Amino acid sequence: IRAYDTAAGPALFCLGRHVQRLFHSARVLRMELPYTPAEIEVAIVDTILANGHQACYVRPVAFRGARALSVNPNGCPVNVAIITMEWGSYLGAEALEQGVDVGVSSWRRMAPNTFAPAVKIGGQYINSQFIAMEALRHGYAEGIALDAAGFVSEGSGENIFIVTGGRIVTPPAVSSILQGITRGCIMQLAADMGYDVREEQVPRELLYMADELFFSGTAAEITPIRSVDGVVVGSGCRGPVTERLQTEFLGIAAGRLPDRHGWLTPCVAG
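Residue numbers for the sequence shown follow the numbering used here, beginning at 321 and rising by one.
Here it is as structure tokens:
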């Protein structure tokens with residue numbers, strides 16, 4: 321979760337949606353959290369205020385404690401921790417304007433019925449680490465994973481959008497994506513602006529033919545992609561659609577534009 325520095329003080333972006341996903345993920349894991357969603361939300365606000373942040377990245381983590389050394393976690397106590405840290409642009413300060421160079425990874429996202437891609441589970445990030453480490457070894461800022469069928473899935477920690485022929489396309493749930501909260505907000509903003517937004521399976525070659533590409537995520541926000549596997553995307557810089565969405569998204573998040581969808585939660589004590 322991100323808290324942004326607004327004129328009225330720190331404000332959390334889509335707090336309720338993030339906490340709801342935490343509880344949905346726990347349900348899939350058969351993990352009973354010892355707090356209510358409202359208690360978690362209050363604890364997040366209190367932690368930000370206690371740590372004196374104006375803007376920060378927030379990571380609530382639920383985990384099973386020790387009781388039995390077994391792959392069966394039933395009976396182990398469930399703990400919750402909330403971590404806050406000051407963190408700038410995920411892929412580098414210049415990435416939001418200049419874009420990043422990425423490569424298609426040799427590591428695939430999980431096949432159906434092997435893991436649960438729609439929920440946010442720490443163990444699944446091992447796959448993300450393989451993708452990110454390989455990308456860095458090859459000189460890229462990030463990697464793009466394909467799904468088990470060979471269609472585009474997502475980055476190691478971001479969703480992906482393709483701008484092509486006047487349409488905005490993003491891979492669907494069946495492509496083993498985490499259905500990101502920022503992704504949903506971008507789809508809403510794009511629809512508000514009158515763009516034709518579609519969830520479709522994306523063949524790899526469309527990455528090389530796209531007019532624009534960009535990542536989205538809580539950490540990545542909206543980050544343009546300027547090349548894939550050495551092939552320049554569009555004009556090789558942030559495209560006009562990406563820039564328009566980025567300006568709107570960051571303007572709302574920072575309180576410079578009206579919060580017409582009710583995405584911001586001010587950090588107020590008590």
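All C-beta atoms, glycine included, are put in the ideal place defined by N, C-alpha and C.
Quick caveat, the model's predicted, so the values are computed rather than measured.
Can you check DSSP and say which residues form a bridge with residue i?
i	result
Phe481	Phe534
Leu466	Val472
Asp579	Its beta-bridge partners do not exist; DSSP assigns none.
Leu498	Paired residue(s): none; Leu498 is not in a bridge.
Cys376	Ala323
Asp516	Arg487
Ala331	Tyr324 and Pro586
Could you check how far apart the C-beta atoms of residue i and residue j are, in whole angstroms? I think they sit under 8 angstroms.
i	j	result
Leu533	Ile480	7 angstroms
Arg518	Val548	Going by Cβ atoms, the distance from Arg518 to Val548 rounds to 20 angstroms, so no, they are not a contact pair.
Gly575	Ala358	Wrong, their Cβ atoms sit about 24 angstroms apart, outside the cutoff.
Ala455	Ser425	7 angstroms
Leu353	Ala346	5 angstroms
Ser473	Ile497	6 angstroms
Compare the C-beta of residue i with all C-beta atoms of chain D and state if any pair is closer than 9 angstroms.
i	result
Asn371	Considering every chain present, this structure includes no chain D. It has just one protein chain.
Among the options, which one has its Cα closest to the Cα of residue i?
i	options	result
Gly372	Ser496, Tyr324, Pro380 and Val339	Tyr324
Ile506	Thr567, Pro523, Gly475 and Ser496	Thr567
Ile321	Leu353, Arg487, His344 and Met405	Met405
Asp512	Ile501, Phe569 and Arg379	Phe569
Gly423	Ile572, Gly550 and Glu563	Gly550
Leu416	Val561, Thr585 and Thr543	Thr543
Arg580	Gln508, Met453, Val561 and Ile402	Gln508
Pro432	Arg387, Ala493 and Ser476	Ala493
Met453	His344, Gly475, Ala436 and Ile364	Gly475
Val365	Ser345, Phe333, Ala388 and Glu352	Phe333
Arg290	Leu466, Trp407, Gly442 and Phe450	The structure shown does not extend to residue 290, since the chain is modelled only from 321 through 590, so no value can be given for it.
Cys557	Thr356, Gly419 and Thr538	Gly419
Glu541	Gly408, Ile497 and Tyr515	Gly408
Is residue i near the ligand MG, with its Cβ less than 8 angstroms from a heavy atom?
i	result
Thr434	In the structure shown, the ligand MG is absent, as is every other ligand, since no ligand is present at all.
Might you give, ordered along the chain, the residues of its own chain that have their beta carbon closer than 6 angstroms to the beta carbon of residue i, omitting 5 neighbours on each side?
i	result
Thr484	Ala530 and Asp531
Gly554	Asp531 and Glu532
Leu527	Val548
So, for residue i: in the same chain, excluding its five sequence neighbours on each side, which residues have a beta-carbon less than 8 angstroms away from its beta-carbon?
i	result
Phe471	Pro491, Ser495, Gln521, Val522, Pro523 and Arg524
Arg341	Val439, Lys440 and Ile501
Looking only at its own chain, which residues have a Cβ that is under 7 angstroms from the Cβ of residue i, when we skip the five neighbours before and after it?
i	result
Ala363	Ile402
Val348	Ala436 and Val439
At least three beta-carbon pairs within less than 8 angstroms, the segment 436 to 447 to the segment 583 to 590: no
Within the chosen definition, does the segment 447 to 467 reach the segment 377 to 394 through at least 3 CB pairs nearer than 8 angstroms? no
Specify whether the segment 397 to 408 and the segment 375 to 385 touch according to this definition: at least 3 beta carbon pairs, one from each stretch, less than 8 angstroms apart. yes
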